[in-house]
Each structure stands twice: as C-alpha cells, then as structure tokens.
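Q: Following my numbering, the numbering of the sequence shown begins with 716 at its first residue and continues without gaps.
Please find one structure pasted underneath; my questions will follow.
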Amino acid sequence: MLGGLSMTAAHNPGGFPFAPCPISCPTSQAAFAHLALAFRCDMFTLQQRVQVEKRARDAAEENIQEELGQCRAALERLGPSCANVGCKEMLEQLQNNLTVLSAAVERATSAAEKLGAVHQEARMSRAAEVMVQHVENLKRQHMREHAELEEMKRLIQQNSRNRQLAETQGE
C-alpha cells in the first residue's frame with residue numbers, strides 16, 4: 716500500500732501490483748498515474764508512519780523483555796525454596812531457556828524487519844517496472860510520431876517541388 720492506495724487490490728492474488736507481462740500503452744498510463752499519485756501521497760505521511768511503526772516495535776520488544784524479566788525474577792524467588800538438586804537443576808535449565816528465548820526473540824525481530832524490507836523492495840521493484848514500461852511506451856509513441864512528422868515534411872517538400880516544377884513548366 717502506498718499512501719493508503721492499495722496497489723494490489725483486484726490486480727493479482729500474489730500481493731504485488733499489476734501483471735508481470737508487458738503493459739499496453741493505455742494500461743501503462745493508468746498504472747503510471749496510479750503509482751505517481753500513490754508516491755505523492757506517501758511523501759506526506761511516510762515519516763509519521765515510520766515513527767509510529769518504530770514506537771510499536773519498541774513497545775512490543777519492551778513488553779517481551781519485561782515478561783522475560785518477570786519470569787527470571789520468579790525463578791530467582793523460587794531458588795531458595797528448592798531443597799533438592801533436581802529442583803535446582805530444573806530452575807537453572809529454565810533460566811537457560813529464558814536466555815535462549817530472549818536471543819530467539821531478537822533474531823525473530825531482525826528477521827521480521829528484513830522480511831518487511833524485502834516485501835517493500837519487491838513492491839517498489841514492480842512499481843519501477845511499471846514506470847519503466849510507461850516510459851518505453853512513451854518513447855515508442857514519440858518515435859512513431861517523429862517518423863510521421865518526417866514523412867509529412869518529406870511529402871510537403873515533394874509537393875512543394877512538384878508545384879514549383881509545374882509552375883515553371885506552365886509559364
């Protein structure tokens with residue numbers, strides 16, 4: 716989603732905007748206009764959305780660390796009440812498990828951020844493809860119009876020469 720405009724809605728089930736095949740000129744114009752509007756809308760809210768998402772991520776991480784800290788504290792409070800070796804070993808194992816869990820949470824957070832970046836890169840890559848396709852369509856249209864213009868110039872010059880020749884022969 717760019718600027719609140721869904722680029723995936725009704726375009727394909729894979730979640731990426733627009734079809735991967737070459738786009739016809741009218742379709743590329745519409746897609747280009749849609750993307751240009753979405754990018755402009757994004758510019759107004761991007762910083763704010765980044766800050767909101769960072770705060771949400773930080774709050775979630777703090778909540779997890781707080782829960783892990785409470786578990787550690789509960790295990791430490793249980794320590795003195797354990798009389799036998801088996802109980803103490805179980806407490807030590809639980810503390811080790813909490814350490815492993817804490818590291819796993821950090822890795823999961825990092826992996827989630829990387830996955831989000833890759834998804835965004837895929838969306839942006841497809842958006843860039845649409846824009847490049849539109850530019851290529853415009854170039855082809857320009858070349859056709861330029862060729863038509865050159866042909867018209869040639870015909871006008873030929874017609875002018877023929878008229879001049881006819882006038883000089885008619886005199």
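Quick reminder that beta carbons are idealized off the backbone N, C-alpha and C, glycines included.
The structure displayed is predicted, hence computed values, not measured ones.
I want to know whether the region 786–799 touches the region 848–855 - three or more CB-CB distances under 8 Å.
A: Output reads no: the region 848–855 does not touch the region 786–799.
Q: Skipping 5 residues on each side, what residues in its chain have a beta carbon closer than 6 Å to that of residue 857?
A: none
Q: Just mark residue 743 as buried or exposed, buried being the case when its beta carbon has 16 or more other beta carbons within 10 Å.
A: buried
Q: Taking contact to mean 3 or more Cβ pairs, one atom from each stretch, closer than 8 Å, check whether the region 754–765 and the region 864–882 are in contact.
A: no
Q: Please classify residue 750: is it buried, with 16 or more other beta-carbons within 10 angstroms of its beta-carbon, or exposed?
A: buried
Q: Report the rounded CA-to-CA distance for residue 822 versus residue 741, giving the unit in angstroms.
A: If you take the alpha carbons of residue 822 and residue 741, they lie about 46 Å apart.
Q: Determine the closest residue to residue 748 out of 861, 865 and 842, with distance taken between C-alpha atoms.
A: 842
Q: Quick one: what does DSSP say residue 802 is sitting in, helix, strand or coil?
A: helix
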